[in-house]
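Structure first, commentary second.
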Amino acid sequence: MPILVEPTTAVHRSFLEAWDELPSSDERWMGASGFRERWTREQVEDPGEFARMVEAIRADADERIPPPPDLVHQTTLWFVDDGVEWLGRLAIRHTLTPPLLELGGHIGYCVRPSARRRGHATQMLHQSLPIAARLGIDPALVTCDTGNEASRKVILAAGGELEDERHGKLRFWVATHMS
Numbered sequence: 007m008p009i010l011v012e013p014t015t016a017v018h019r020s021f022l023e024a025w026d027e028l029p030s031s032d033e034r035w036m037g038a039s040g041f042r043e044r045w046t047r048e049q050v051e052d053p054g055e056f057a058r059m060v061e062a063i064r065a066d067a068d069e070r071i072p073p074p075p076d077l078v079h080q081t082t083l084w085f086v087d088d089g090v091e092w093l094g095r096l097a098i099r100h101t102l103t104p105p106l107l108e109l110g111g112h113i114g115y116c117v118r119p120s121a122r123r124r125g126h127a128t129q130m131l132h133q134s135l136p137i138a139a140r141l142g143i144d145p146a147l148v149t150c151d152t153g154n155e156a157s158r159k160v161i162l163a164a165g166g167e168l169e170d171e172r173h174g175k176l177r178f179w180v181a182t183h184m185s
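All the letters of the sequence shown, read from the start, carry residue numbers 7 to 185 under the working numbering.
Structure below.
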């Protein structure tokens, strides 16, 4: 069964395959940025650069390292099957800036196109809630585009309660502590 894990170099091959499946507008979901650097698809083909990117993504969660202005610490997790098959990415933002409170939320996720419609996003969000709770987040704000019916269903399946719609985004609050 796929699980959320810290970014790892073990998924290098499938990570590149997944990147190739996504339209360029979704490249941001590949975790191809740290606080201070962005990587291109060509750069991360190199195993050394991929390892450097993995470490930078992990460092974004380190509260001892101050983020640049307008950014927040985030824990990025990869949804991986059998230790090597990269299926998706989930980010938990530790705090919310005004724009994140308005539109982005605490938790964002993406599943690679070839792995969609198999319940992976639902599993990712469910698996992330205890992690968010350990980070002191309860409830978590999770948003989706108003027209994204699949994501809306994922959030509702996790117990999301709709607060409102703003700027084309539905804003849901999801309890992270299971009662």
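Positions of the beta carbon are idealized from the N, C-alpha and C atoms, including for glycine.
Values in this document were obtained by computation on a predicted structure and should not be read as measured data.
Query, Result
"Closer than 6 Å by C-beta to residue 24: which residues in its own chain qualify, once you throw out the five before and the five after it? Chain order, please.", "92 and 118"
"Can you grab the Cα-Cα spacing for the pair residue 95 / residue 183, in whole Å?", "22 Å"
"Tell me, to the nearest whole angstrom, how far the beta carbon of residue 98 is from that of residue 137; I am working on the premise that it is less than 8 Å.", "6 Å"
"Spell out a yes or no on whether the segment 142-162 and the segment 98-118 are touching, meaning 3 or more CB-CB pairs, one atom from each, closer than 8 Å.", "yes"
"Kindly list the residues whose CB is nearer than 8 Å to the CB of residue 166, restricted to its own chain and excluding five residues on each side of it in sequence; keep chain order.", "148, 178, 179 and 180"
"Starting from the C-beta of residue 196, find all residues in its chain whose C-beta is less than 6 Å away, skip the five residues before and the five after it, and write them out in chain order.", "Residue 196 is absent from the structure shown; the chain starts at 7 and stops at 185."
"Roughly how far, in whole angstroms, is the beta-carbon of residue 51 from the beta-carbon of residue 22, given that I think they are within contact range, below 8 Å?", "6 Å"
"Going by CA-CA distance only, name the one from 90, 44 and 132 that's closest to residue 58.", "44"
"If the criterion is Cβ atoms closer than 9 Å, does the pair residue 82 and residue 66 meet it?", "yes"
"Would you mind listing the alpha helix (DSSP H) stretches within the segment 77-121 that are 4+ residues and don't spill past its ends, in chain order?", "none"
"Please state the DSSP three-state secondary structure of residue 139.", "helix"
"Let me check one thing: in DSSP terms, what residues is residue 175 bridge-paired to?", "151 and 172"
"If you draw a straight line from the alpha carbon of residue 14 to that of residue 133, how long is it in whole angstroms?", "18 Å"
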